[in-house]
Each structure stands twice: as structure tokens, then as C-alpha cells.
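Oh and the sequence shown: position 180 is 168 in our numbering, straight run, nothing missing. Data first, discussion second: the structure below is written as C-alpha cells.
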Amino acid sequence: MLLQIAKDITHRTAQKVDLADAHCHLDLISDTKIIHDAIEAGVSTIITDGINIATNRKALKLADWKHIFPALGMDPETALAIKEHDLEKEISETEELIRANANNIVAIGEIGLDYMKAWEEKKIARQKTVFGRMLDLALELNLPVSVHSRNSMNDVIEILHKKGLKKVQLHYFEGDSDQAKKAVELGYMISIPPALTTKRKVVIKYTDISNLMAESDSPVVGKSPKEVDISVQMVANIKEIPFDRAAEALTLNTKRFFNIHPKPQGPGSIRS
Ligand SMILES: [Zn+2]
């Protein structure tokens, strides 16, 4: 009886389950109420990724928030958007910014290859140059990487493996179960966005939960970091486990992967 009451109380107080959003772009969310609401709803850890110098700077500013942890990078879209003769300058400046802030960030990201945006040899080569440089930097600074891939999973896995990256988050994983298996063998993490496809359902089913993370990829996919709960619910449903258990495992995975330590207490949810 006593045990039952204790359990009920735990249940009530645990109503707000601790959630972690392993990948999003808060620089694109101008209404800070959305971020406050997500934190209020229990998303205690939010990884926000920059894609170019301007968004990297915004991500760094957001680190003032107690619950927000920035990742800095140069993504494939940026690699294509920069004029050829400005590319080296852009890469060097990004590297400089990342090195100068290495102690204030949790990963190099967003980086990767996107063959939907670049199918010509020249454009692919350019993306590979940027991706390679960002991976070298991650190795130099001993930081995890948050990797985007679209229609490029085999190349992405091969490059990561060849370069010897160990801490890899395959964000918005869109590969099939064979690619997921290969990634897991290499110790990589499969990151699940709030969007269910038949392929992703199979990947979730056959990937051990210890190799999964949950992300909102907001505001690109989810509307807010809060929608990481949709990704968690998907994992819970497919694995046929309670939501709380899925949340606990996925949150722990994300905190471990990004080596998250609580920031010093500050007023409310903002540190300064
Ligand atoms: Zn992203």
C-alpha cells in the first residue's frame, strides 16, 4: 500500500519528463517564448547547431541560456552558397571562430554532405572539401560531430570511418537498416527526428536504444524543441516501451554523447 502511494507520487512529480533535443536551429526561432515553453515543458538540454559564420555567432550567444548548448560548423548548403574564390577565407574564418570557442561548444556541427543539393562532380568535391576540413578540426579539438546527410549516406560513413571519427551523430538519419547497422558497428549514434517513414520505423525497431538519440530539428522539421517529444514517442511506440523509459534512455544518450554538464545556476532558465 505504502509502496503504491510512493509510486503514485513519483508518477505525479515525474510528470515533467526530462528531455534532450539533440539537434535544432534556435537561431531561426525569433520568438523566445517558444524556447521558454520548451524548457518549461521539460526539455532541459537543447543542442543548437550553426551552419555558417552568422548562425555560429548566434548559437554562441544562445549559450547564455542555462539549457542551451551550441555546436558550430559549416554545412553543405553553405559550402555551395559561398563564391569559389571566397571559400578558403570562409573555411579559415569558421575554423578560427570554432577554435576560439572550443571550450564553449559541445560539437562540430552542422556539417555533412547533401547530394540532393549537389549532384555535379564539382559541387560534390566542394562539399567534401568543407566536410573534410570540419572533420579534421573535430579530431584536433577532440569534439563530437553532428552530421547531415541526404542521398549521401555511404560516402558520409566511408569518410567518417577513413578519418577515424569516433563520436558521430548521424542527425536526421535517413539511411536504411543496413546503413544503420554499419553505423552502429562503428559506434555512431542514430538521431531520430519527429518524422516517421517506413524506412525509419525499421531502423528504430532494429537499432538498440543505446545507439539512438531524439531531435526536433526545429524549426526545419519540428516547430519547437518541444517536439522532440514526438521523436521520443515514436521510439517508445515502435519499441513497445513506456514513454518515460524511452525518454530516460534517449536523454541520457544525448547528455553522454555531448558530455553535457549542468551550467551554474542562474535566475530562471537564463544564465545571464
Ligand atoms: Zn540541421
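Backbone N, C-alpha and C fix where the C-beta goes; we use that ideal spot for every residue, glycine too.
Unbroken beta strand (DSSP E) runs of no fewer than 3 residues, entirely contained in the segment 30 to 97, are found at 31 to 37, 56 to 60, following chain order.
Note that the segment 166 to 178 does not touch the segment 209 to 228; fewer than 3 beta-carbon pairs, one per stretch, sit closer than 8 Å. The Cβ-Cβ distance between Gly97 and Ala59 falls below 7 Å. Spanning the alpha carbons of Leu125 and Ala237 requires a straight line of approximately 30 Å. Not one heavy atom of ligand 1 lies closer than 6 Å to the C-beta of Glu108.
The nearest non-hydrogen atom of ligand 1 is less than 6 Å from the C-beta of Glu98. Straight through space, the alpha carbons of Leu131 and Lys155 are spaced by roughly 8 Å. Secondary structure at Val118: helix, using DSSP grouped into helix, strand and coil. Bridge pairing for Arg138: Asp102 [DSSP]. Secondary structure at Ser18: coil, using DSSP grouped into helix, strand and coil. Residue burial is scored here from C-beta neighbours: Tyr160 has at least 16 other C-beta atoms within 10 angstroms and is therefore classed as buried.
One thing to note: Met62 has its Cβ within 7 Å of the Cβ of Val118.
Taken atom to atom, the span from the alpha-carbon of Ser137 to that of Val191 is near 16 Å. Note: Leu158 is bridge-paired with Val135, Ile178 in the DSSP secondary-structure output. When secondary structure is reduced to three states using DSSP, Leu7 falls in the strand class. Excluding five sequence positions before and after Arg45, the CB atoms of its chain that fall closer than 8 Å to its own CB belong to Gly38, Leu85, given in chain order. Closest in C-alpha terms to Val5, from the list Phe231, Phe245, Lys243, comes Phe231. From the listed residues Pro252, Phe245, His249, Lys251, the smallest Cα separation to Ala10 is found for Phe245.
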